[in-house]
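Here's the structure we're looking at; comments come further down.
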Amino acid sequence: MRPVANLLMATGLLTACAKQPTTSPGTEASPAASQPAWFEECGIESGLDFVHRSGHTSAFVFPEIMTTGAALFDMDGDGDLDAYLVQGGNWSAKPGTELGPGNQLYANQGDGTFVNVTAGSGADDHGYGMGVATGDYDADGDLDLYVSNLRGNVLLRNDGGGKFTDVTQVAGVAGNVWSASAVFVDYDRDGDLDLFVTNYIFWDEDSELPCQDPPRGATYCSPKSYAAPTPDTLYRNQGDGTFEDISYEIGLRNALGNGLGVLCSDFDSDGSPEIFVANDGTPNRLWDLAEDGRFVEKGLIQGCAVDDQGQAKAGMGVASADLDFDGDEDLLVVNLKGEDDSLYRNDRGRFVDRTPRAGLAHSSRKRTRFGVTLSDFDHDGLYDLYEANGHVTHPIESLGPDPFAEDNQLMRGLPDMRFEEVQPLGGVAKPLIATSRALAVGDVDGDGDLDLLIHNKDERVHLLRNVAPKKGHWIQILVKDAHGSDAIGAELRAQSGSRVLHRMVRTGESYCAANAPAVHFGLGAETRIQSVQVTWVDGSKEAFADLDADAVHTLRQGTGRPVQ
Amino acid sequence: MTLILLPHKRLGFDRLGFNTRPKGHSSNPCGTMPNTLHRPSRLPLAPWLGCVLLAIPLVVGCHQEVPTVAPPDIATLGRLQPSIRTDLEQATQALKADLRNPGLWGQLGTRYESNGLPEVALVCFEQAAALDSKSPRWPYRAAVVAARAGNLEAAIEWGRASLRLDPSYYTTYERLGTWELQLGNLEQASSYFEQACTLDPQRAGGWAGQARVALQTDEVAQALQSIRKARELDSQDPYWKLLEGITLARLGRDEEAKPLLAEGQGSKPTLIDPWTQSSKSIRSQESDLFQRGMQLEDQNQFDEAIAIYREILADRPGEARLPLRLAKTLLKAQRPAEAMEVTKKALERFPTHLELEVLRGHLLEQSGDPEGAWASSQKAIQEHPERPDGYLFQSTLLAKQGLSEQAISVAQGALRLSPSDERSRSLLASLYLRQQRYAEAIQVIEEALELPDAVTPLGYYQILAQAYKATGQTAKLSALMQKVGVTSTPAEPK
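Chains A and B, in that order, give the protein sequences.
The first sequence runs contiguously to residue 568 in the working numbering.
The second sequence runs contiguously to residue 788 in the working numbering.
Below, the structure is given as structure tokens:
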């Protein structure tokens with residue numbers, strides 16, 4: 005055998021000597037062309053002809069790279085999802101001066117196609133836009149809009165029929181700082197929606213810095229360049245159409261940050277929601293209401309302020325879902341290229357960074373992530389992950405004419421809180437290369453699955469219609485309070501087979517975006533929900549029985565069976 | 295030339311069974327030549343001769359030269375900063391003089407790495423490794439830049455190759471463990487961290503790595519044990535306190551966790567890595583001039599710092615922080631007239647810059663123009679009502695005029711805007727002290743100690759100490775002095 009072994013060895017050596025090995029950096033597996041797409045991009049065909057303008061000319065001015073937002077909401081009560089898209093424009097223009105076309109409102113025609121109804125709607129705010137939040141602050145049964153801007157935010161009251169009125173000054177919610185994401189939340193459980201606004205940074209034109217990013221040179225600054233973190237703002241709804249800024253009294257000013265993402269959930273199941281703020285380069289914040297009525301900041305002690313190495317990351321978008329089906333919502337924060345996502349498993353209000361074990365540590369570092377959602381796109385009963393990406397500094401290699409453009413990423417949910425990347429890349433047949441920012445989720449075409457509206461910097465929006473091969477059933481639940489408004493802050497626990505599906509009713513999530521308020525569950529093989537328990541914002545509980553899958557159900561407060 | 299032993303996924307070197315000999319042995323796989331070559335002559339000739347015949351082309355092949363390759367073409371790299379382009383061109387020229395010098399390839403790789411081009415650096419380190427197959431540093435450097443470029447699989451292969459050449463470099467195990475952890479390969483990560491601990495149990499990194507892996511599998515008690523081991527080995531580094539605090543919090547032991555989290559907050563992990571020290575030192579030598587100016591300032595070399603700021607300002611007139619820094623340094627150098635000139639000129643260009651306006655106010659006040667100073671404070675407040683700076687300045691003006699109540703009221707407004715701002719707290723507490731309102735001074739500072747992110751400046755303790763002494767709270771005073779390690783009692787407040 006020895007001569008044979010020697011011959012084999014010799015052959016191997018010859019082969020080895022023949023060629024200088026090299027590593028091909030960044031080599032990734034080619035997309036499997038035979039894998040079916042999960043989404044089809046149909047923005048233009050659907051009538052969403054919005055194109056964002058950041059106002060960029062030659063200099064790299066900070067606000068340009070952080071804008072802007074999108075919302076999916078039923079503005080006119082006709083049962084389908086309309087779209088609101090936030091515009092940038094001319095960042096140097098002073099408030100009150102006319103700018104470009106302003107924000108745009110699109111009405112869904114019932115089939116997932118849209119028509120621009122901005123003219124005469126009153127919704128065309130012309131501020132240099134950042135984000136948008138939706139919520140029925142005046143409890144009249146329709147969703148209002150709060151638009152965050154570089155200077156001076158705007159509250160647009162929904163008057164019905166596609167008409168809005170700017171009530172900012174009356175309401176007292178303008179603010180005076182560069183704001184980012186916002187959410188409506190009934191933090192004090194008094195029956196009306198209060199307003200929490202994340203503020204990004206103290207910035208004005210005169211403080212703008214020219215930043216360099218070797219080796220490319222001039223580029224956008226990061227918030228660390230300015231070292232000017234800000235406190236966030238909480239406006240308490242006074243029940244009469246006005247709000248009071250209680251940020252100082254409630255303790256919000258005790259901690260600063262560069263707030264970009266915000267999300268509310270009752271993470272510790274104590275009956276009141278906590279407010280989680282993703283901060284860019286500073287520790288995340290978890291605000292918990294104490295018995296004395298003030299917020300206590302608990303991010304570090306609860307384990308969601310920093311990563312497992314104790315480092316703060318560039319927190320942008322944020323998403324939440326009960327990934328391990330243990331009855332509490334887990335938390336995902338997306339970050340900058342070179343930093344992995346932060347996937348925090350919630351263990352009764354204590355968080356542990358599970359990013360490496362989830363399979364996200366390496367795959368997520370390759371891109372800069374902004375918009376994000378944890379949704380079950382293929383109805384297999386497991387939450388999938390979609391991330392909308394775009395650089396903030398010059399990359400070494402550009403994927404197209406826009407040097408900041410990147411492709412998006414779709415990860416299929418696996419058991420045990422793990423994810424694997426879906427091919428084709430981003431779930432679309434041809435990768436979408438854009439500088440993506442806001443991502444809003446909802447069933448735009450009414451076919452029961454979740455579609456995506458993606459806002460891109462200096463580019464048209466992308467509407468991704470869900471065409472994923474389905475692996476099970478679905479259910480959508482509209483949760484309405486006593487006023488007929490979407491019961492933002494209510495919690496659902498649905499028995500589906502042997503599992504309990506848990507979700508909070510919310511619109512505020514992702515980055516600078518507002519999702520459709522309907523609660524969507526993928527059910528896998530289950531064909532019904534045996535029972536649903538709703539914990540309303542006022543603390544009362546009702547049970548609703550037997551909901552069929554593959555349908556949209558509406559649960560109204562007062563129509564269920566009271567639960568002790 | 296010796297055969298190069300390098301990892302490559304596609305060729306599957308490992309599968310060819312080329313394992314590096316233990317340290318001290320030749321890594322030349324030709325050394326793994328059939329040992330029939332070395333057998334005594336009593337063996338049968340025919341198979342022996344056959345192996346030799348087979349071996350000759352192998353030996354020849356093994357000693358084929360590594361192809362001479364050209365350095366990376368800078369022209370293909372797209373837009374580069376001029377200084378970086380020049381730097382790379384110089385290093386490339388040096389290499390062109392001797393393309394078979396692995397050291398020069400390594401230097402070029404280091405330049406690319408330092409200038410933020412890890413993918414190109416990788417090409418250079420690969421070639422260095424090809425030309426010098428015995429040094430473990432080239433595959434190690436290739437591993438590090440491959441990781442920076444986002445290719446962890448390649449980084450791990452290169453790291454393993456380096457280990458085969460030198461299994462004694464501790465940091466390789468740390469890095470491999472981290473990369474495996476990032477890939478979610480917990481078992482492999484754990485193995486590398488364990489090997490690090492076995493190699494040198496007196497270094498903290500391996501223990502910290504084991505803790506990270508344990509946390510992924512909910513073995514929190516074990517994680518705590520490992521972190522405490524790390525902390526014992528390196529008790530001065532606040533980073534281990536941070537990690538211990540995080541782990542204790544995970545166990546719900548909040549009261550034990552809180553002080554550790556406070557002490558460790560903001561600290562970062564450090565990696566002792568002499569093999570990459572050269573790239574770091576290059577970066578520090580070429581650091582921004584502005585940083586250099588700040589260093590000179592710290593050393594009280596104000597004239598030299600001023601010269602540097604003026605030079606930068608001439609090149610970069612569009613950056614407000616430069617005239618601000620220059621003016622402040624001129625003031626430190628006791629050249630207030632020049633400071634005022636710079637500030638005024640800067641405000642013409644940046645009319646609403648808050649810090650410049652406040653600085654102008656200070657300069658006006660110092661020059662005996664209290665009305666001008668007051669006007670500056672008003673302008674700062676009007677233009678930036680959400681920032682405490684204008685209020686703080688106005689409060690100091692009022693205090694200097696003996697209007698203590700108004701000064702306190704304005705300082706309270708500043709504190710309300712930014713409760714975590716040390717300047718606001720210190721000013722308000724000092725104003726209370728001066729008015730002998732000790733209880734209020736104590737309350738202002740004690741509140742600060744309860745804030746999130748509470749980093750307690752020494753000034754807070756000094757104020758507290760004075761107030762405790764004045765109010766006869768000797769027990770609290772003793773406890774405070776013990777906490778900050780002070781032996782003498784503070785003077786009475788004036």
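Yeah, the Cβ is synthetic: ideal placement off N, Cα and C, and Gly gets one too.
- Considering only B:Y732, B:C418, B:E680, B:Y726, the residue with the shortest C-alpha distance to R710 (chain B) is B:E680.
- The continuous beta strand (DSSP E) containing Y110 (chain A) extends over residues 108-112.
- Under DSSP, the beta-bridge partners assigned to C268 (chain A) are A:I279.
- Shown in chain order are the members of the stretch 740-762 of chain B whose Cβ falls below 8 Å from a Cβ of chain A: L745, P746, D747.
- Ranked by Cα distance from Q499 (chain A), the options A:I533, A:G417, A:T223, A:K545 are led by A:I533.
- Separation of the CB atoms of D148 (chain A) and T202 (chain A) is rounded to 19 Å, and the pair is thereby denied contact status at 8 Å.
- Interface with chain B (8 Å Cβ-Cβ cutoff): Y110 (chain A) is excluded.
- In this structure, DSSP gives E49 (chain A) a state outside helix and strand, which the three-state scheme calls coil.
- Within chain A, the C-beta atoms nearer than 7 Å to that of D548 (chain B) come from I305, in chain order.
- Taking a Cβ-Cβ cut-off of 7 Å, the neighbours of F644 (chain B) in chain A comprise D210, given in sequence order.
- Pairing D683 (chain B) with Q585 (chain B), the inter-Cα distance amounts to about 25 Å.
- Among the residues of the stretch 385-414 of chain B, those with a Cβ less than 7 Å away from any Cβ of chain A are N409, G410, L411, E413, in the order of the chain.
- In this chain, the beta strand (DSSP E) harbouring A325 (chain A) covers 322-325.
- Put simply, the backbone Cα of K523 (chain B) is about 14 Å away from that of L542 (chain B).
- Look at Q39 (chain A): its C-beta is not under 8 Å from any C-beta on chain B.
- Under the three-state reduction of DSSP output, R469 (chain B) falls in the helix class.
- Counting C-beta pairs with one atom in each stretch, the stretch 361-369 of chain A and the stretch 278-286 of chain A have fewer than three that are closer than 8 Å, which means they do not touch.
- Residue state for V504 (chain A) is assigned as strand, using DSSP reduced to three classes.
- For chain A, the residues of the stretch 705-726 of chain B that bring a beta carbon within less than 8 Å of one of its beta carbons are R710, L711, S712, P713, S714, in chain order.
- Under the 8 Å criterion on CB atoms, K639 (chain B) is classed as non-interfacial with respect to chain A.
- Within 9 Å of the CB of R544 (chain B), the CB atoms of chain A belong to G307, D351, R354, F355, V356, in sequence order along the chain.
- Collapsing the DSSP output to three states places D552 (chain A) in a strand.
- Proximity of I378 (chain B) to chain A, defined by a Cβ-Cβ separation below 8 Å, is satisfied.
- Between G195 (chain A) and H466 (chain A), the gap from beta carbon to beta carbon reaches 8 Å or more.
- Taking 8 Å as the upper bound for CB-CB distance, T531 (chain A) and N519 (chain A) are not in contact here, some 26 Å apart.
- An exposed status is given to Q39 (chain A), since fewer than 16 other beta-carbon atoms sit within 10 Å of its beta-carbon.
- Residue range 158-164 is occupied by the beta strand (DSSP E) that includes G164 (chain A).
- For R394 (chain B), the three-state secondary structure derived from DSSP is coil.
- Runs of the beta strand (DSSP E) lying entirely within the stretch 199-256 of chain A, each at least 3 residues long, are 215-217, 221-223, 237-241, 247-249 in chain order.
- Not flagged as an interface residue toward chain B: V201 (chain A), since no C-beta distance is shorter than 8 Å.
- Under the criterion of beta carbons closer than 8 Å, V136 (chain A) and C516 (chain A) qualify as touching, at roughly 7 Å.
- Within 10 angstroms of the beta-carbon of Q561 (chain A) lie 16 or more other beta-carbons, which makes it buried.
- Where K638 (chain B) is concerned, the enclosing alpha helix (DSSP H) starts and stops at 630-643.
- In the structure shown, the three-state DSSP call for W291 (chain A) is strand.
- In the structure shown, the three-state DSSP call for Q756 (chain B) is helix.
- Each residue's CA atom was taken as its position, placing K545 (chain A) and A705 (chain B) some 48 Å apart.
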